[in-house]
Amino acid sequence: MSHRLTIRRKVALTLALPIIALGLLAAIGYASSERELTQAQDALEAADSFNSIHAAARAIGDERLAYVVASLPQRLDPEADEVRITEATERTETALGLIPTEAVHQNGVSAGGINSVRGSLTAARSTPVSRSVNFSRAVETLLGEASGIPVGEATAADQQNRVDLQNLHRWIETTEIAWVSFAERASDDLRPTAEVIDAFARADALLDVLEESSGTSSATIDQMLSATAVLEDLRLTAVEDLLNPAESIVSPSTALMTLQESRTRWNEAVAIAEANRISQLQSVQALAESRRNQFGLFGLFGMLAFGVAGLMLYHAVTAPITATAAAARSTLGERLPAIVTSLKDPEATQVRPSHIAAEVSDELGQLVEAVNAVQDTFYDIAHVNAMGRKRVAQRTVAISRRNARLLHDLVRHVATWRTADPDQETRSRLFQIDHIATRMQRNVEASMLLAGAHSERQWTHPVTTTTTARLALGEVGEFNRVDIAAMDDVRLNGNSAPDVAHILAELIENGLNAADRSLDPITQRVRVECTWVSAGLAFTVHDTGVGLSDAERSEMNQRLHTPYAMHEGPTRFVGLYVVAMLAKRYGIDVRILEGPNGGTVVRVVLPVDLVDPATVPHDRKPIDAGRGVTVGVPAAKINDTPVQTAEQESAATVFFGEKESRSDPLPTSSSDGNEASSPDVSPIPPLVSPIGGTSATSPDLMKLVGGSVPPPVPREIRNTPTHTTADT
């Protein structure tokens, strides 16, 4: 199979590529919208965190934080607030004391380090300026120690532990927000150090690790929660101290916010941030969904548009191609063979075939013009060849007719000489000359038949089957090797009897030629019988020669039933071709069969229409038997053919009829030159059992005086055909 792309495949591929590209673009747009939706969701999550921090800062801030900042220096004075600072320091020391001993040893945190933290807290009492810094450092150190607590062995997942860790995480975030907001609003001398803020970040990272690990032991978590509780108390105390001072130098303009109010404001801020986040998320999702639908609709309508345009283009391109291909196939498969068939018939009117209509003017139109040119050239070549064959056939017919007239004159002169009653030897020689001329005349008529002409030989009165068989004997060579069985008084129509005799002559001669040459030729005989069968009147030619194989017999029957033109058939089957042509003309069935005792049997079945109605049994007469029309030959052809005159028939009857003496010696084919005698042979059973009437097969063979076969009846004497233009 060829791998080259046809025009249809190229067009289909050209249309498929844009559709595939459009589908890929739609898929990429859809994926892009999904990616943008994901990015928008991530941005909303980040915005949620920012909104929460911002809302918390504003809740803790306002003008109240300004009051806290303004009053903070006095409240850090050790003389005014010594008790609260001491309590805070003690709580911090308690928190440090709750750090697990395992964590101290595993992370290299010594007891001296813890004592150093405690010392820094104590030293914070010395001066008001350094108290906040030292306090911040103490918190940083505490968180740094806590971040080094290792993860214990893996245990079963504990949901409560994870909830506690999440609460701790939220506390760290809230505290970090408060410190950041405080750092933004405090003055430079009161701003907490960056280390404090970093400490909260490290604590947050520690909680992330703890939350992601499901193997943290419950004991470790409990110790961390205990330390966190102390820190929470410390933070709440500090917040209360900041928001509700016992003494204040600067009085607030409005009532101070209680701790409960601060938490309520915090919750409100978080709720507003959450509502804002959900609103923004829904807006982004709606936008992404809209863009996704737009990409989907764009891809769908684009594919439909490309598909419709592709189908239209495909039809516009392939329709002319299909029509051109169909026309080309019709030209090659039907029109050109029809031209050849029509040109084979010399009598048919030749018409130049019409051209294929070109529906387009592009390359396909040029192809159609090329096909039309090939058709014209083919017709011209075939027509020239046909005309050449026709002229050759006409010349062959003309020459054959001239030879026929010469042979006719020769036979007439021989008949005249024989009627002069010469001596026996002269009569025998004249008979041999007459026999040779008759055989030549058969060959001439065979040539005319091969050239397409019709036989001009007819009788005006019916001819018996015995006379028809003797006519066939007169056209073969070794007729003394042929036995004719006794036949009933059945007559054939005069217009078909000569051609039936021609068929029998060809078959008899084939049977004579099939003799086994290793045996005595006189013993290799051919027998002719005639009997009624179910299909009509059957002549049977049976030879005792070498016979035919099944393949050869099948081939011969095929040639008998499918006649071919003269220039198509091999020359070695000319006899079969002549038989096939004559049988087709009269509707005669000729079939070659295997002989019952070896050799070959040829059965020639004549339709009842070829038999004289007066001699047809009553149960076999066809509806139109009385008309005497020959099957296969138009009546006009029969009427136009020259027929025998009464004078010529009378002369032929005197010379070859019943008054003819049968004491003439006949030539033989024996090697010793003696006259051959016809032995008594047993009758061969008919191939088809007779149906009604008397069988024409008889053991009594027609004998001559001296035991020879009756002399053959030569062809009838007829008028010399008139000169025609075909003779020249």
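In this text, residue positions in the sequence shown follow numbering that gives the first Met the number 0: the first is 0, and each later residue adds one.
Glycine is no exception: its CB is placed at the ideal position from the N, C-alpha and C atoms.
It should be emphasised that the depicted structure is a prediction, and the values quoted were computed from it without experimental measurement.
- Looking only at G510, A15, L491 and A285, the smallest Cα-Cα distance to V462 is reached by L491.
- The three-state secondary structure of L547, taken from DSSP, is coil.
- Residue environment: N494 is assigned as buried (16 or more neighbouring CB atoms within 10 Å of its CB, all protein chains considered).
- Within the same chain, and ignoring the five residues on either side of L24 in sequence, the residues whose Cβ sits closer than 8 angstroms to its Cβ are G298.
- Judged by their CB atoms, V525 and I502 are not nearer to each other than the 8 angstroms cut-off.
- In this structure, V481 keeps its C-beta atom at 8 angstroms or more from the C-beta atom of T437.
- C-alpha of T465 to C-alpha of E505: approximately 17 angstroms in a straight line.
- In this structure, DSSP gives L491 an extended state, which the three-state scheme calls strand.
- Cβ neighbours of V604 within its own chain (closer than 6 angstroms, five residues either side excluded): A534, G535, A537 and D588.
- Looking at the DSSP output, W416 shares a beta bridge with no other residue.
- According to DSSP, residue pairing for G597 in a beta bridge involves P595.
- For A471, same chain residues with a beta-carbon under 7 angstroms away, outside a window of 5 residues either side, are A500, L503, A504 and I507 in chain order.
- Here DSSP, grouped into helix, strand and coil, assigns E528 to strand.
- Between G510 and G544, the C-beta spacing is below 8 angstroms.
- In terms of Cβ geometry, Q365 and L335 do not form a close pair [threshold 8 angstroms].
- For the pair L312 and L14, the CB atoms are nearer than the 8 angstroms cut-off.
- In terms of Cβ geometry, I18 and F305 form a close pair [threshold 8 angstroms].
- Annotated three-state conformation of I320 is helix, per DSSP.
- From the listed residues T522, A485, V578 and R558, the smallest Cα separation to N479 is found for T522.
- For L366, DSSP records no beta bridge to any residue.
- D542 has V525 and T599 as its beta-bridge partners, per DSSP.
- R590 is bridged by DSSP to R602.
- Just so you know, the alpha carbons of I277 and G309 end up roughly 47 angstroms apart.
- Per DSSP, the continuous alpha helix (DSSP H) segment holding D498 begins and ends at A496 to N512.
- Boundaries of the alpha helix (DSSP H) around V578: V573 to Y585.
- For A369 against V339, the beta-carbon gap comes to about 21 angstroms, at or over 8 angstroms, which does not count as contact.
- In this structure, A484 lies near E528, with their beta-carbon atoms less than 8 angstroms apart.
- Cβ-Cβ distances below 6 angstroms link G301 to L21 in the same chain, with the five nearest sequence neighbours on each side left out; the list follows chain order.
- V532 is not a Cβ neighbour of V610, given a cutoff of 8 angstroms.
- M486 is classed as buried because its beta carbon has at least 16 other beta carbons within 10 Å across all chains shown.
- Residue pairing by DSSP places I483 opposite V527 in a beta bridge.
- Taking the Cα positions, Y378 is about 32 angstroms away from A582.
- T599 sits close to L547, with the two beta carbons spaced by under 8 angstroms.
- By the Cβ neighbour-count rule, D422 is exposed, with fewer than 16 other Cβ atoms within 10 Å of its own.
- Nearest to R584 by alpha-carbon distance, out of T415, D608 and L429, is D608.
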